[in-house]
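Visitor:
Number of protein chains: 2
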Amino acid sequence: MPGDKLKIERVFHALGDATRRAILEKLGHGPVTVSRLAEPLGLTLAAVVQHLQILEESGLVQTEKVGRVRTCRIEPKGLSVAEQWIRERRTTWERKLDRLGDLLAEPDDR
Amino acid sequence: MPGDKLKIERVFHALGDATRRAILEKLGHGPVTVSRLAEPLGLTLAAVVQHLQILEESGLVQTEKVGRVRTCRIEPKGLSVAEQWIRERRTTWERKLDRLGDLLAEPDDR
Numbered sequence: 295m296p297g298d299k300l301k302i303e304r305v306f307h308a309l310g311d312a313t314r315r316a317i318l319e320k321l322g323h324g325p326v327t328v329s330r331l332a333e334p335l336g337l338t339l340a341a342v343v344q345h346l347q348i349l350e351e352s353g354l355v356q357t358e359k360v361g362r363v364r365t366c367r368i369e370p371k372g373l374s375v376a377e378q379w380i381r382e383r384r385t386t387w388e389r390k391l392d393r394l395g396d397l398l399a400e401p402d403d404r
Numbered sequence: 295m296p297g298d299k300l301k302i303e304r305v306f307h308a309l310g311d312a313t314r315r316a317i318l319e320k321l322g323h324g325p326v327t328v329s330r331l332a333e334p335l336g337l338t339l340a341a342v343v344q345h346l347q348i349l350e351e352s353g354l355v356q357t358e359k360v361g362r363v364r365t366c367r368i369e370p371k372g373l374s375v376a377e378q379w380i381r382e383r384r385t386t387w388e389r390k391l392d393r394l395g396d397l398l399a400e401p402d403d404r
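Here the protein sequences come in this chain order: A and B.
With our numbering, letter number 108 in the first sequence gets 402, and the count goes up by one each step, no holes.
With our numbering, letter number 95 in the second sequence gets 389, and the count goes up by one each step, no holes.
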């Protein structure tokens, strides 16, 4: 499905950056406002907003604006897409390699 | 551990590209030579070599040169790094959200 392909593209791209992973780890402790997120990570507000946009588009983070304050929270379900993609492939490939190993281990005269 | 951080960075970066995921899917059917990999994906040899380098550095693919022919094979264990990273975080965050939900569901007079 093209939608899923786009989704997985965005999730892996989002996770491929150390700063975005640091934002996720931080949000893993609980919801935080955007300004509180910037300071301990040594980032400008503009940089945080840019990273948050990528994280939000990938479905890994949700943000909500109340008045002038935007709060961010983690969306663990967003990770499931990537987890499933990886698990499916790893198990298929491992099974294939096992079969190849069995085949090579068979006696030559069979 | 910095080594693990670098590793996870490389794996997610490698997986964040549609062409590299297509190469992995292709190699999932069995080992293939570099030139056989380029053609069906509509890529130049130079492009494939560049993608393979990124995949090899991330530990997702192994290549071996015999004479003038380089053969590529999948390395399923390379995916385990990313799978573990994701699973650990997803379960922690889900547990935390569950506890938050329980807390909010408690009667106010407790």
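Cβ atoms here follow ideal geometry from the backbone N, Cα and C, with glycine treated the same way.
Owing to the predicted nature of the structure, the values given are computational and were not obtained by experimental measurement.
1) Whose CA, out of A/LEU373, A/LEU397, A/GLY336 and A/LEU337, lies closest to the CA of A/GLY322?
2) Buried or exposed, going by whether 16 or more other CB atoms sit within 10 Å of the CB of A/ARG342?
3) Under a three-way DSSP split, which group does B/ARG333 fall into?
4) Who are the neighbours of A/GLY322 on chain B, taking C-beta pairs under 8 Å?
5) For A/LEU305, collect the residues of the same chain with a Cβ closer than 8 Å to its Cβ; drop the 5 residues on either side in sequence, then sort them by chain order.
6) So which residues on chain B does A/PRO334 lean against when the C-beta distance must stay under 9 Å?
7) Is it buried or exposed for A/ARG389, if we count other Cβ within 10 angstroms and need 16 for buried?
8) Threshold first: 3 residues or longer. Then list the beta strand (DSSP E) segments lying entirely within the region 336 to 370 of chain B, N to C.
9) Counting only beta-carbon atoms, is B/HIS307 nearer than 8 Å to chain A?
10) Three or more C-beta pairs closer than 8 Å, one from the region 326 to 337 of chain B and one from the region 357 to 373 of chain B: is that the case here?
11) B/SER329 versus chain A: which residues are under 9 Å apart at the beta carbon?
12) Quick check: A/GLU350 and A/GLN344, are their CB atoms within less than 8 Å of each other?
Guide: Walking through what the data contain:
1) A/LEU373
2) Before going further, note that residue 342 of chain A is Val rather than Arg in the sequence given. Classification of A/VAL342: buried, given that the 10 Å Cβ count is 16 or more.
3) Note on identity: in this sequence residue 333 of chain B is Glu, with Arg being the wrong assignment. B/GLU333 falls in the coil class under three-state DSSP.
4) ARG383, THR386, TRP387 and LYS390
5) According to the sequence provided, residue 305 of chain A is Val. The question's Leu does not apply to it. So the qualifying residues of the chain are SER352, GLY353, LEU354, GLY372, LEU373, VAL375 and ALA376.
6) None at all; the shortest Cβ gap to chain B is about 18 Å.
7) exposed
8) 355 to 360 and 363 to 368
9) yes
10) yes
11) Here the premise fails: no neighbours, minimum Cβ distance about 22 Å.
12) no
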